[in-house]
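Numbered by UniProt numbering, the letters in the sequence shown go through residues 1 to 158 in order.
Virtual Cβ for every residue (Gly too), placed ideally from N, Cα, C.
Before any comments, here is the structure.
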Amino acid sequence: MEHLDSYTHAQPPINYSSYLTNQYYIQKMAQRVTYRRRLSYNTRSNKHRMVKTPGGRLVYQLVAKRVQAPKCGDCGEALAGIPALRPMDFARVSKRQKHVSRAYGGSRCGSCVRNRIVRSFLIEEQKIVKKVLKQQEEEAKAATAKPKAAKKAKKSAK
């Protein structure tokens, strides 16, 4: 009898929350957590994370989807100066936060706008050059046509 008592008192008290023995790991059962909304499937729009409240309870907290920043329509680069928000949040934001003060602000990035301006300037310059060349050709034709017309006029006068 004494032998059994000494055996039971020799072991330290067991902490059942987590206690490692030689053979197995004893752990207290985790607290059950349930979805707080109606959607009960693990979809892209229903991601959750576990949060411990100040009262010590574990609850599910909804995680919003990752947001993609607005992109430039030409090069696909993220637009600077425009916040990356979910569509509803973006709709709530004021107008001055949805664009930058520049031509194509909020639609195209600055480098693409610069390229467009340079391209249109060069196209206009090219049009002017073509117009000048055409005018010079007409003047050259007129200069070569005048002597012939003068010769014909002399022949008809005789």
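Using 8 Å for Cβ pairs, my map puts residue i next to residue j. What's the rounded Cβ distance?
i, j, result
"R49", "Q61", "6 Å"
"A78", "A69", "4 Å"
"K98", "I82", "7 Å"
Return the CA-CA distance between residue i and residue j, expressed in angstroms with no decimal places.
i, j, result
"E139", "I128", "17 Å"
"G106", "A142", "53 Å"
"C72", "S101", "15 Å"
"L39", "C112", "43 Å"
"S120", "A103", "14 Å"
"C75", "I117", "16 Å"
"K52", "Q31", "11 Å"
"T144", "R108", "52 Å"
"L122", "K130", "12 Å"
"P87", "E124", "40 Å"
"Q135", "N115", "30 Å"
"V132", "K146", "21 Å"
Taking only three categories from DSSP, how would you classify residue i?
i, result
"A143", "helix"
"V100", "coil"
"K131", "helix"
"Q31", "coil"
"G110", "helix"
"A84", "coil"
"residue 208", "Any question about residue 208 goes unanswered here, given that the chain covers just 1 to 158."
"M1", "Residue placement at M1 cannot be trusted, given a pLDDT of 49 that sits under 50; what the coordinates show is reported in the next sentence. It is coil, neither helix nor strand."
"R92", "helix"
Among the residues of its own chain, which have a CB less than 7 Å from the CB of residue i, if the five just before and after it don't count?
i, result
"V33", "M50, L58, V59 and Y60"
Between which residues of its own chain and residue i is the CB-CB distance below 8 Å, once the five residues before and five after are set aside?
i, result
"L85", "V67 and V93"
"K47", "L62, V63 and K65"
"R36", "V59, Y60 and L62"
"F90", "P83 and K98"
"M1", "Note on M1: pLDDT 49, under 50, position unreliable in the model; no value is reported."
"A80", "V100, C109 and G110"
"Q126", "none"
Is the beta carbon of residue i within less than 7 Å of some heavy atom of the ligand FAD?
i, result
"K95", "The model depicted lacks the ligand FAD and carries no ligand whatsoever."
Pull the bridge partners of residue i from the DSSP assignment, please.
i, result
"R49", "Q61"
"K71", "A78"
Answer with yes or no whether the minimum CB distance from residue i to chain D is below 8 Å.
i, result
"A142", "In summary, chain D is missing from the structure at hand, where a single protein chain is found."
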